[in-house]
Every structure is written in C-alpha cells, then in structure tokens.
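Heads up, the final residue of the sequence shown is numbered 365 in our numbering, and it's a clean run with no missing numbers.
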Amino acid sequence: MGEDLGTWEPMSVAEATALFGRLTTPWWIAGGYAIELFVGSPFRPHDDIDVLLLRRDQQKVHEVLAGWDIQAADPPGTLRPWPADEWLPAEAHDIWCREHPDGPWRIQVMLDEADGDEWTSRRDARIRRPIRSLGLHAADGTPYLTPEVQLFYKAKGLRPKDEVDFATAVSLLDPKALRWLDETLALTSPDHPWRARLSD
166 MGEDLGTWEP MSVAEATALF GRLTTPWWIA GGYAIELFVG SPFRPHDDID VLLLRRDQQK
226 VHEVLAGWDI QAADPPGTLR PWPADEWLPA EAHDIWCREH PDGPWRIQVM LDEADGDEWT
286 SRRDARIRRP IRSLGLHAAD GTPYLTPEVQ LFYKAKGLRP KDEVDFATAV SLLDPKALRW
346 LDETLALTSP DHPWRARLSD
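Structure, rendered in structure tokens:
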C-alpha cells in the first residue's frame, strides 16, 4: 500500500494521545514513534503514525474516531470501508483513518492478538508476554510499545528506516530486552543479521 491510496499528513503523538488517552482499554503508540519515545528525542522523519490496540478492543477505534473515514486493509494490500457494526477477520490488522474521505490519512491503527492477560504476536503465536509488560510510558505519560517488541516486528522487513531504528535503539536496550529480542529472533528467524548486535 502506498501513495496510490492517498496522501498522508500524520497527526502528532500529542494529538494521538489526546484522542486515545480517553480509553480505559490498553493502547500504545507503535512504529517508528515508539522507538523515538524510547530514545527520548527525534532522530529521523516519519511518514505516518501508528497506534496499537488489542484485537478484542477493535471497536474502540470507532468510539475514539466517531465520524471519521475508517478503512480496513482487508484483504491486506487494499483498503475498504469498515463500518462500526462489523468485526474484522483475523487476517485484517491494519486500519487507516482520516477525518473525511477527501482528506489525507492521519493515523494507522494496528490490531494484535491477546489470550487472557497475555499478548500473542499476530505473526507467531509462540511469541507471547504479559500485556502489562507490553508497553512503557514516556515522561509525559504517553504509552508506547516496548522497543524490543517493536524491533521484533521491524525485523521482518529490514527497510532502511527499520535499520536506523535498530541502530539507534539497540545500545539503549537493557539486558532483559536484549535477551528477549535475541531469543525471539532465534525462534522465528535464527539467521537474522541483527542477532550479532544483540550479543555484543
């Protein structure tokens, strides 16, 4: 998916926090901004902004963004309108949102899986951890996805921006986070080039 689906003018982290901060269910800033919040300062531009919700809380998107043009990537690679009374299938996990159909896209919501009190990765159900340990908080209270989990998702594509995010964050990860990421990649992608940096 790209520019053929419309332009992006992503909202700021503060704007996203003002909207989703009203929820009592878990949510986290994700993607490149999650790494930036962990690092503590900007280090590269961002083309979009991502928020992560648990799949079971997907209808909260319509609650937070009532009246917006909300479209699901279903099937992946395409967009279609997502009405508020529909439950998205398991293969749909990206939601694009804008104030009105003629406007730019403002935010992308990603859905991930949960089993009771545990998060399970949509890419590999063997990867799981307590939901309470899935996020951290910035100094201003903004919740964001832990860097090791975000880097696990970024490890699949190895896009230039993902390489920048990894190189910037890896030296700041504590031993527990380094070990989790290394063990997770060992399970899912044992020959991944990042693993050498995780055991330096």
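Just so you know, even glycine gets a beta-carbon here, dropped at the ideal spot from N, CA and C. For clarity, every value in this text was computed on a predicted model and none was experimentally measured.
When DSSP reads this structure, L310 sits in a beta bridge with G300. Around the beta-carbon of L218, 16 or more other beta-carbon atoms lie within 10 Å, marking it buried. Taking all protein chains in view, the Cβ of D289 is surrounded by fewer than 16 other Cβ atoms within 10 Å, so the residue is classified as exposed. Counting only runs that start and end inside the segment 311-364, the alpha helix (DSSP H) elements of at least 4 residues fall at 312-319, 325-334, 340-353, 360-363. Taken atom to atom, the span from the alpha-carbon of Q236 to that of C262 is near 6 Å. According to the DSSP assignment, L219 belongs to the beta strand (DSSP E) that extends over 215-219. By a beta-carbon distance limit of 8 Å, V178 does not contact I200. Their separation comes to about 12 Å. Burial check for E256: the Cβ neighbour count within 10 Å stays below 16, so the residue is exposed.
Spanning the alpha carbons of P246 and D234 requires a straight line of approximately 8 Å. Pairing E264 with V204, the inter-Cα distance amounts to about 30 Å.
Residue state for A231 is assigned as coil, using DSSP reduced to three classes. By the Cβ-count criterion, K341 is exposed, with fewer than 16 other Cβ atoms from all chains shown falling within 10 Å of its own Cβ. The beta-carbon separation of M176 and I272, rounded to 6 Å, stays under the 8 Å limit for a contact.
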